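Heads up: the sequence shown begins at 1 in full-length UniProt numbering, then just goes up one per residue.
We put the beta carbon where it would ideally sit given N, CA and C, even for glycine.
Keep in mind it's a predicted model, so treat the numbers as computed, not measured.
These notes are about the structure you will find just below.
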Amino acid sequence: MKVFRGLPNAAARAPCALTIGNFDGVHLGHQALLGRVRAAASELGLEAAVMTFEPHPREFFARKMGDLSKAPARIANLRDKLQSLSDNGIDRVIVEHFSAPFAALTPQQFTEQVLVEGLHVKWLMVGDDFCYGARRAGNVAMLMEAGQRYGFEVHTLPTVMQGDLRVSSSAVRLALAQGDFVQAEALLGHPYAISGHVIHGQKLGRTLGFPTLNLRVSHRPALAGIFIVQVHGLAGQPLPAVASLGVRPTVDDSGRVLLEVHVFDFAANCYGKQVRVEFLHKIRDEAKYTDLPTLTAAINNDAAIARRYFAERDGAVTATDRI
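Now the structure itself:
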């Protein structure tokens with residue numbers, strides 16, 4: 001899969017079947033949309049393409065207003081989003097930097113400069129509530145009219161439902177915020193996980209007897225707290241672990257979000273390795289403790305809860321069992 005930061009240059013442009021959206025989480029609704037794009041691209045001999053945005057448009061406007069509380073929490077980082085798009089058969093992804101000039105494009109300018117000239121779109125599918133251009137002035141009816149004028153087909157995909165629930169990124173965010181990983185998996189079509197490269201931390205965990213793998217989280221995540229997890233990428237099968245995702249209020253006042261993972265009965269140099277942390281169960285919310293002994297006692301209790309969880313799972317295998 002080819003990834004472009006902004007519109008491809010003239011030499012890299014190719015006729016495509018396209019869809020546009022934030023694709024946060026790439027849930028079952030997104031997957032249905034991507035499947036239609038992939039099928040149309042194959043039928044018409046085009047490349048299957050996705051245009052997505054960084055930052056999220058709502059995050060851009062929240063920053064502009066000085067109120068980041070109005071920005072949506074993120075389900076997935078860009079790496080995981082791109083991997084999901086690749087897994088769904090997409091040939092090329094345009095990651096458009098959402099900026100003031102881009103936000104100011106009129107619907108007509110967006111059609112001409114982005115869709116026609118920039119992407120050579122021949123077939124386009126959007127959600128039935130799709131809006132585009134400055135102040136979201138463009139709608140599906142205007143897009144269909146533009147398609148007739150410039151020679152590209154426009155199709156819409158109705159909302160995907162799961163029973164009475166609309167499958168949406170908002171529904172996934174709510175499930176994650178509530179620690180409901182069964183519901184999140186039902187909406188995503190796969191277990192929820194965060195991937196990244198292991199970075200150096202403050203090394204505090206090892207002094208407390210709980211060395212951790214540290215993954216940087218660059219956006220406000222859709223969940224926070226202490227979790228039972230399993231880690232993929234360090235062995236032939238996932239390793240049992242306990243994790244903290246949040247701002248670590250007891251030891252850090254910077255507000256920086258970090259995912260810290262203590263893998264049970266495991267010792268190896270993992271710096272630089274890419275791992276995937278799969279979330280299984282929420283133990284509790286993040287808390288601020290008065291001192292390090294109190295924090296250590298809480299970590300001990302969290303680890304004991306996680307170990308019991310794995311011991312009670314049918315066929316559970318721990319790192320110790322594999323030695």
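Cβ distance (whole Å) where residue i is taken to contact residue j below 8 Å
i: Arg58; j: His219; result: The Cβ separation is near 12 Å, so there is no contact.
i: His120; j: Arg38; result: The Cβ separation is near 18 Å, so there is no contact.
i: Phe181; j: His281; result: 7 Å
i: Met142; j: Pro107; result: 6 Å
i: Gly25; j: Val172; result: 5 Å
i: Ala177; j: Ala222; result: 6 Å
i: Val261; j: Val217; result: Incorrect: roughly 12 Å between the Cβ atoms, too far for contact.
i: Ala184; j: Gln162; result: 12 Å between Cβ atoms; not a contact.
i: Phe152; j: Val140; result: The Cβ separation is near 14 Å, so there is no contact.
i: Ala298; j: Tyr289; result: 6 Å
Range of the contiguous alpha helix (DSSP H) that encloses residue i
i: Pro64; result: Strictly speaking, residue 64 in this sequence is Lys, with Pro absent from that position. It spans 57 to 65 - the alpha helix (DSSP H) in which Lys64 sits, taken as one unbroken run.
i: Leu195; result: A quick correction: the sequence has Ser, not Leu, at residue 195. Run containing Ser195: none in the alpha helix (DSSP H); it sits in the beta strand (DSSP E), 193 to 199.
i: Arg38; result: 28 to 44
i: Ala103; result: 100 to 103
i: Leu188; result: 181 to 188
Residues near residue i by beta carbon distance below 7 Å, same chain, minus five either side
i: Gly246; result: Ala224, Gly225, Val257, Glu286
i: Ala104; result: Ala134
i: Thr318; result: Legend: pLDDT at Thr318 = 47, less than 50; position of this residue unreliable, no value from coordinates given.
i: Val3; result: Leu82, Val93, Val95
i: His232; result: Pro238, Val275, Arg276, Glu278
i: Asp321; result: Unreliable placement is indicated for Asp321, whose pLDDT of 48 sits below 50; no coordinate value is reported for it.
i: Leu46; result: Pro15, Cys16, Ala17, Lys122, Trp123
i: Leu33; result: Thr19, Met125, Leu157
Opposing strand residues paired with residue i [DSSP bridges]
i: Arg166; result: Met161
i: Glu278; result: Ala193, Gln230
i: Arg74; result: Pro221
i: Ser244; result: Ile226, Glu260
i: Leu215; result: Val198, Leu259
i: Tyr132; result: Gly138
i: Met1; result: Paired residues: none, contrary to the question.
i: Thr296; result: For Thr296, which the question treats as bridged, DSSP gives no partner whatsoever.
i: Ala17; result: Ala48, Trp123
i: Val154; result: Leu124
i: Arg284; result: Ile226
i: Leu239; result: Val231
Residues of its chain near residue i, where Cβ-Cβ distance is below 6 Å and the 5 sequence neighbours each way are ignored
i: Leu7; result: Gly118
i: Tyr150; result: Val116
i: Leu215; result: Gly196, Leu259
i: Lys273; result: Val198
i: Arg313; result: none
i: Ala40; result: Ala17, Trp123
Own chain partners of residue i with C-beta closer than 8 Å, once the 5 adjacent residues on each side are dropped
i: Gln31; result: Asn88, Gly189
i: Asn22; result: Thr52, Phe53, His56, Pro57, Ser169
i: Met1; result: Leu82, Leu85, Ser86, Ile90, Asp91, Arg92, Val93
i: Ile323; result: With a pLDDT of 38 at Ile323, under the threshold of 50, the modelled position of this residue cannot be trusted, and the question is left open.
i: Cys270; result: Val198, Leu213, Leu234
i: Gly255; result: Val247
i: Asn77; result: Ile194, Ser195, Gly196, Val217, Ser218, His219
Opening and closing residue of the beta strand (DSSP E) in which residue i lies
i: Gly147; result: First-last for Gly147: 140 to 150, but that is the alpha helix (DSSP H), not the beta strand (DSSP E).
i: Phe53; result: 47 to 54
i: Ile94; result: 92 to 97
Legend entry - Cβ contact check for the segment 181 to 197 and the segment 285 to 299: 3 or more pairs under 8 Å: No, the segment 181 to 197 is not in contact with the segment 285 to 299.
Legend entry - Stretch pair the segment 22 to 40 + the segment 152 to 171: three plus CB contacts closer than 8 Å: yes
Inset, instruction - Could you say if the segment 125 to 133 and the segment 153 to 163 meet the contact criterion of at least three C-beta pairs nearer than 8 Å? - result: yes
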